[in-house]
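There are 2 protein chains.
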Amino acid sequence: MGRIRVRLKERSYDILTGSGVLGRSGAYLSSLNIGKDAYIITNSLLKIKYGDILAGSLSAKGFNVRFKTVPDSEKSKSLKTACPLLKNLAFFDKNRKVFIVAFGGGVIGDLAGFIAAVYKRGIPYIQVPTTLLAQVDASIGGKTALDLDAGKNLVGAFYQPKIVLSDTGLLKSLARRQISSGMAEVIKYAIIGESGLFTYLEKNRDAVFSFRPAALERIISSCAKIKAGIVERDEKETLGLRTVLNFGHTMGHAIESASAYRTYNHGEAVALGIITACDLSRRMGLIGDKLFLRIRNLISAYHLPVKLKGVSLHEVVKAHYHDKKFSGKENKLVLIRGLSRPVAAKNVPLALIKQSLSSIF
Amino acid sequence: MGRIRVRLKERSYDILTGSGVLGRSGAYLSSLNIGKDAYIITNSLLKIKYGDILAGSLSAKGFNVRFKTVPDSEKSKSLKTACPLLKNLAFFDKNRKVFIVAFGGGVIGDLAGFIAAVYKRGIPYIQVPTTLLAQVDASIGGKTALDLDAGKNLVGAFYQPKIVLSDTGLLKSLARRQISSGMAEVIKYAIIGESGLFTYLEKNRDAVFSFRPAALERIISSCAKIKAGIVERDEKETLGLRTVLNFGHTMGHAIESASAYRTYNHGEAVALGIITACDLSRRMGLIGDKLFLRIRNLISAYHLPVKLKGVSLHEVVKAHYHDKKFSGKENKLVLIRGLSRPVAAKNVPLALIKQSLSSIF
Chain A
183 MGRIRVRLKE
193 RSYDILTGSG
203 VLGRSGAYLS
213 SLNIGKDAYI
223 ITNSLLKIKY
233 GDILAGSLSA
243 KGFNVRFKTV
253 PDSEKSKSLK
263 TACPLLKNLA
273 FFDKNRKVFI
283 VAFGGGVIGD
293 LAGFIAAVYK
303 RGIPYIQVPT
313 TLLAQVDASI
323 GGKTALDLDA
333 GKNLVGAFYQ
343 PKIVLSDTGL
353 LKSLARRQIS
363 SGMAEVIKYA
373 IIGESGLFTY
383 LEKNRDAVFS
393 FRPAALERII
403 SSCAKIKAGI
413 VERDEKETLG
423 LRTVLNFGHT
433 MGHAIESASA
443 YRTYNHGEAV
453 ALGIITACDL
463 SRRMGLIGDK
473 LFLRIRNLIS
483 AYHLPVKLKG
493 VSLHEVVKAH
503 YHDKKFSGKE
513 NKLVLIRGLS
523 RPVAAKNVPL
533 ALIKQSLSSI
543 F
Chain B
183 MGRIRVRLKE
193 RSYDILTGSG
203 VLGRSGAYLS
213 SLNIGKDAYI
223 ITNSLLKIKY
233 GDILAGSLSA
243 KGFNVRFKTV
253 PDSEKSKSLK
263 TACPLLKNLA
273 FFDKNRKVFI
283 VAFGGGVIGD
293 LAGFIAAVYK
303 RGIPYIQVPT
313 TLLAQVDASI
323 GGKTALDLDA
333 GKNLVGAFYQ
343 PKIVLSDTGL
353 LKSLARRQIS
363 SGMAEVIKYA
373 IIGESGLFTY
383 LEKNRDAVFS
393 FRPAALERII
403 SSCAKIKAGI
413 VERDEKETLG
423 LRTVLNFGHT
433 MGHAIESASA
443 YRTYNHGEAV
453 ALGIITACDL
463 SRRMGLIGDK
473 LFLRIRNLIS
483 AYHLPVKLKG
493 VSLHEVVKAH
503 YHDKKFSGKE
513 NKLVLIRGLS
523 RPVAAKNVPL
533 ALIKQSLSSI
543 F
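Quick note, the sequences are listed as chains A and B, same order. Just so you know, the first sequence maps onto residues 183 to 543 in the working numbering. Just so you know, the second sequence maps onto residues 183 to 543 in the working numbering.
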């Protein structure tokens, strides 16, 4: 089992990774002093599949358990879902010793984390991510959020969990497309943070898709380490250091938004965003053709798209202007000078952005 | 004009107190680098009375201004009010340079502060308190909150403003009952934090009720200084130091709740809570009869109640068990050993609490 410490003074916490972590969750929690009553936010499918393991482990250590399910949809990341949950939570919280368990993918992590952040101005919560995407990225770093009609993640808080329990055994039940989606973020981390992971991904594709525990643990631990290192230095995104985590995401979000969140899932859109950012890096002379092709090939090898379909260049360009990171006419994009060498580039000429976007059509 | 600094590292800010501060708000804000677009949350009456002064001052310094009014009622501190405001704010925020102005009493400060705390994981906001209660207490310290059906202030965040502008000139239009309500908090600060203020209050009642600027500024500045000092040492109420601010509030909340928030306003309930806490302190041998009577007389002099009507002892005792500060069978009450000498007492016998409560019937 892997254990990575996220060092944030009194908000520090561990990320535990490995097969079977879920069944030992009660033991991990009993040493944390986080309360007695577990309010588990999840979806119906997860509750049916793994609810007994989680509840059994918690009950065995004396925790009281209440499940609350929300639809398995991005729409659950809304005020409409959050408000009734807060009301329900307040009535469950008779003993004033409640804590939240975010048991699910990124949507549930964001929703449950936000509820924990604002209920009584912050109660303890733990992340139990069930998708690869959530295990390598969303569950770490304390960003919680809800969407508004005007845009995604517009309501939220920086709020750290007390522990992250990433059970690699849960990944077996994911569809290949979901694994690929998570791998887009893994590839991002490999590019911006660890060339050793990049080489490992090039060599171990089959191990990943056959859910080999050692491979999954290696990948998740590496990503967690890279993200923890960045979050430790810039917890609330005030120093600009956390910006590198947006590598591939500015264009990725624009692609998701332009295609109305239908054609591509988050990871697929990020994969296309990574290719665009790398193409831009190449056009600006920051990296050579060889590295660009290695990255493009790796993305393709993990069954992620390298061409964009069903949406026009114009629509993507228009959507990218709505990104939170853009203020007025200015833009800020994360590019690379090589593996493990991300750079923030300001005011990249629109003509160049369009050329790079054209290359994925 | 008084200027008090709240020192919280990168979250430090000034509290400015004096007559005419509102008309200079644009000038104060222009040095803060907080954005360009002011989203002012207020109520209709305040907008009619003072909207032009505030908007004129901001516009003169190049700020764009949008007013958003909410009903002048505790009911505005709700998810039902906050959710549409967040949506509206997101559509107003075209230039991504928006900040919030909380222009009103405690309800508006709590609501607007919470919106600022969660929109985009936190945007700048300023407090422009318009009641004595808000100027001496609610606007300082960064506690923001909404109510739920299950209880008051159950949803919220610790989130500091960028500046507090307390215009004493605005107090002239308050009813005497509202001044008295604010004075209950002032008396609390005098008891727990500054015996000089206590003596000042004993001697200057008429100056307060005739709105003499020097008296109001003295009072507001003193309270701000005391609260700032406590908040600086325990910003997020994690060390127990901030607990002393609850002096008079545990029983005050129980009285408000037992009387369904109708008979007594917040300050009046706190006044009765202070008397109960002082009576308890006397019964436990912490203070003598003389100080108890001085306190009781001061409360009475400021037209605050010293007897509780319209509710039974049983109802108040029942309600006090619902206080957030109580966990299970334990209780924690703030008592005093003398002026400026608050103490946190744990597990005070219920029989003693009942005796002290009986004394105000």
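Built from N, CA and C at the ideal position, the CB exists for glycine as well.
What is the DSSP secondary structure of residue i, reduced to helix, strand or coil?
i, result
"residue 301 of chain A", "strand"
"residue 220 of chain A", "strand"
"residue 307 of chain B", "strand"
"residue 206 of chain B", "helix"
"residue 509 of chain B", "Residue placement at residue 509 of chain B is flagged as unreliable, the pLDDT there being 49, under the threshold of 50; a coordinate-derived value is accordingly withheld."
"residue 394 of chain B", "coil"
"residue 514 of chain A", "strand"
"residue 416 of chain B", "coil"
"residue 524 of chain B", "strand"
"residue 375 of chain A", "helix"
"residue 145 of chain A", "Given that chain A is displayed from residue 183 to residue 543, the structure contains no residue 145 of chain A and the question cannot be resolved."
"residue 468 of chain A", "coil"
Hey, would you say residue i sits closer than 7 angstroms to residue j, going by beta carbons?
i, j, result
"residue 369 of chain A", "residue 480 of chain A", "yes"
"residue 439 of chain A", "residue 501 of chain A", "yes"
"residue 239 of chain A", "residue 286 of chain A", "no"
"residue 251 of chain B", "residue 279 of chain B", "no"
"residue 281 of chain A", "residue 338 of chain A", "no"
"residue 324 of chain A", "residue 309 of chain A", "no"
In whole angstroms, give me the CA-to-CA distance for residue i and residue j.
i, j, result
"residue 430 of chain A", "residue 321 of chain A", "19 angstroms"
"residue 260 of chain B", "residue 226 of chain B", "18 angstroms"
"residue 524 of chain B", "residue 332 of chain B", "30 angstroms"
"residue 435 of chain A", "residue 448 of chain A", "8 angstroms"
"residue 387 of chain B", "residue 517 of chain B", "25 angstroms"
"residue 529 of chain A", "residue 277 of chain B", "17 angstroms"
"residue 533 of chain A", "residue 298 of chain A", "44 angstroms"
"residue 478 of chain A", "residue 203 of chain B", "60 angstroms"
"residue 373 of chain A", "residue 194 of chain A", "26 angstroms"
"residue 457 of chain A", "residue 414 of chain A", "28 angstroms"
"residue 389 of chain A", "residue 327 of chain B", "49 angstroms"
"residue 188 of chain A", "residue 405 of chain A", "12 angstroms"
"residue 496 of chain B", "residue 454 of chain B", "16 angstroms"
"residue 185 of chain B", "residue 191 of chain A", "32 angstroms"
"residue 199 of chain A", "residue 403 of chain A", "7 angstroms"
"residue 300 of chain A", "residue 336 of chain B", "8 angstroms"
"residue 471 of chain B", "residue 257 of chain B", "40 angstroms"
"residue 444 of chain B", "residue 361 of chain B", "18 angstroms"
"residue 469 of chain B", "residue 421 of chain B", "26 angstroms"
"residue 460 of chain A", "residue 426 of chain B", "57 angstroms"
"residue 509 of chain A", "residue 275 of chain B", "With a pLDDT of 49 at residue 509 of chain A, under the threshold of 50, the predicted position of this residue should be treated as unreliable, though the coordinate-derived value follows. Residue 509 of chain A and residue 275 of chain B: Cα-Cα distance of roughly 11 angstroms."
Would you say residue i lies against chain A (beta-carbon separation less than 7 angstroms)?
i, result
"residue 337 of chain B", "yes"
"residue 433 of chain B", "no"
"residue 269 of chain B", "yes"
"residue 248 of chain B", "no"
"residue 415 of chain B", "no"
"residue 424 of chain B", "no"
Would you mind reading off the limits of the alpha helix (DSSP H) that contains residue i?
i, result
"residue 348 of chain B", "Premise fails: residue 348 of chain B lies in the beta strand (DSSP E), 345 to 349, not in any alpha helix (DSSP H)."
"residue 196 of chain B", "Unbroken run through residue 196 of chain B is the beta strand (DSSP E), 195 to 200; no alpha helix (DSSP H)."
"residue 474 of chain A", "471 to 483"
"residue 547 of chain B", "Chain B is shown from 183 up to 543; residue 547 of chain B falls before or after that span and cannot be answered."
"residue 184 of chain A", "Not the alpha helix (DSSP H): residue 184 of chain A falls in the beta strand (DSSP E), residues 184 to 188."
"residue 312 of chain B", "It is not in any alpha helix (DSSP H) - residue 312 of chain B carries neither H nor E in the DSSP assignment."
"residue 191 of chain B", "Per DSSP, residue 191 of chain B belongs to no alpha helix (DSSP H) and is neither H nor E."
"residue 213 of chain A", "Careful: residue 213 of chain A lies outside any alpha helix (DSSP H) and carries neither H nor E."
"residue 464 of chain A", "448 to 465"
"residue 256 of chain B", "Residue 256 of chain B -> no alpha helix (DSSP H), and no H or E assigned at all."
"residue 432 of chain A", "431 to 440"
Could you spell out the range, first to last residue, of the beta strand (DSSP E) harbouring residue i?
i, result
"residue 333 of chain B", "333 to 340"
"residue 161 of chain B", "Past the boundaries of the shown model lies residue 161 of chain B; chain B is included only from 183 to 543, so the question cannot be answered."
"residue 543 of chain B", "It is not in any beta strand (DSSP E) - residue 543 of chain B carries neither H nor E in the DSSP assignment."
"residue 498 of chain B", "Premise fails: residue 498 of chain B lies in the alpha helix (DSSP H), 495 to 502, not in any beta strand (DSSP E)."
"residue 247 of chain A", "246 to 251"
Kindly indicate if chain B contains any beta-carbon less than 7 angstroms away from that of residue i.
i, result
"residue 195 of chain A", "no"
"residue 379 of chain A", "no"
"residue 519 of chain A", "no"
"residue 393 of chain A", "no"
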